[in-house]
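Here the structure is laid out as structure tokens; the discussion comes afterwards.
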Amino acid sequence: MPSSTSPHPDQRGVEPHPDLPRNVNGGVDYEPHPENSITISPARAAIQKSIISLYSGSASENDMKVYAEQAIYDDPFSYCDTRYKIAGQWFGIPKLFSKSETLATEVTASTEHELVWKQRQKYTFAGIHVSKIADSLVSLKLEGQEPSEKVVYHKDMWNSKDYSHGGLGALMKKLNGDKLTHVTKPPEAV
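The opening position of the sequence shown corresponds to residue 741 in my numbering, with each subsequent residue numbered one higher.
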């Protein structure tokens, strides 16, 4: 890991807590409806495009630049507390999946420091060619001013589930985040 990388000093303090998207009946609805997507600025659209490219398995140093050096990535399987560790996750997608494609998105919120969208992603596992579709709520906490905002917290909640940061599950997520870079070997320049 690059020696200049250190964890975010206020990890819990920058975690986004978006309102869960609701359907017309009031139930939680993570299925994206692109026709309902709100309009966002070109700078925010560029951030979203980079993040979607990462989900699609085409990790690049340029796409990783949307993250601050002390950014956090948090999903059901991993918790990363630096941009370099986050790169380990994204550079690992092509090793685990033969294909990862974004089927639909719907931007639900764009506030001063947050960008939120619903996303449907289809993952095809390498070797066995079995596909899995996941609907998720992607929440980005942003710092700085447009057009140079950076992601400081990327939270991905799958299939209407949030998750705690305690116990054995949290330990496994942190271990995955800390150690995956040894396997995926992202460029140190990220």
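Cβ coordinates follow ideal geometry from the N, Cα and C atoms, glycine included.
Using a Cβ-Cβ cut-off of 8 Å (strictly less than) and excluding sequence neighbours within five positions of residue i, which residues of its own chain qualify?
i      : result
Ile787 : Val806, Leu855, Leu880, Leu882, Glu889, Val891
Pull the bridge partners of residue i from the DSSP assignment, please.
i      : result
Met897 : Leu877
Tyr863 : Ser840, Lys872
Lys914 : Looking at the DSSP assignment, Lys914 forms no beta bridge with any residue, so it has no partner.
Lys858 : Glu846, Leu877
Leu882 : Val891
Which residues in the same chain as residue i place their Cβ atom closer than 6 Å to its Cβ, once the five residues preceding and following it in sequence are excluded?
i      : result
Gln926 : Before going further, note that residue 926 is Pro rather than Gln in the sequence given. The residues are Ala827, Gly828, Phe831.
Ser790 : Asp803, Val806
Ile833 : Gly797, Ser840
Trp898 : Pro816, Ala874, Ser876
Val878 : Trp857, Gln859, Asp896
If I measure Cβ to Cβ from residue i and keep anything under 7 Å in the same chain, skipping five residues before and after, which residues do I get?
i      : result
Asn916 : Phe817, Ser818
Lys913 : Phe817, Ser818, Tyr819
Leu794 : Asp803, Trp830
Taking all protein chains shown into account, do 16 or more other C-beta atoms lie within 10 angstroms of the C-beta of residue i, making it buried, or fewer, making it exposed?
i      : result
Ser885 : Note that residue 885 corresponds to Gln in the displayed sequence, not to Ser. It counts as exposed.
Ala811 : buried
Ser781 : exposed
Lys825 : buried
Thr822 : buried
Leu920 : buried
Pro887 : exposed
Val847 : buried
Val870 : exposed
Since residue i and residue j are thought to touch, with beta carbons under 8 Å apart, how far apart are those beta carbons, to the nearest angstrom?
i      : j      : result
Tyr813 : His922 : Not really, about 17 Å apart at Cβ, beyond 8 Å.
Thr851 : Pro772 : In fact, because the Cβ distance is near 19 Å, the residues do not count as touching under 8 Å.
Leu843 : Lys862 : 6 Å
Is any heavy atom of the ligand SAH found at a distance shorter than 7 Å from the C-beta of residue i?
i      : result
Asp769 : What this structure holds is no ligand at all, so the ligand SAH is not there to describe.
Report task. Starting from the N-terminal side, write out each stretch of the beta strand (DSSP E) that is 3 residues or longer and does not extend beyond the region 786-834. Result -> 807-814
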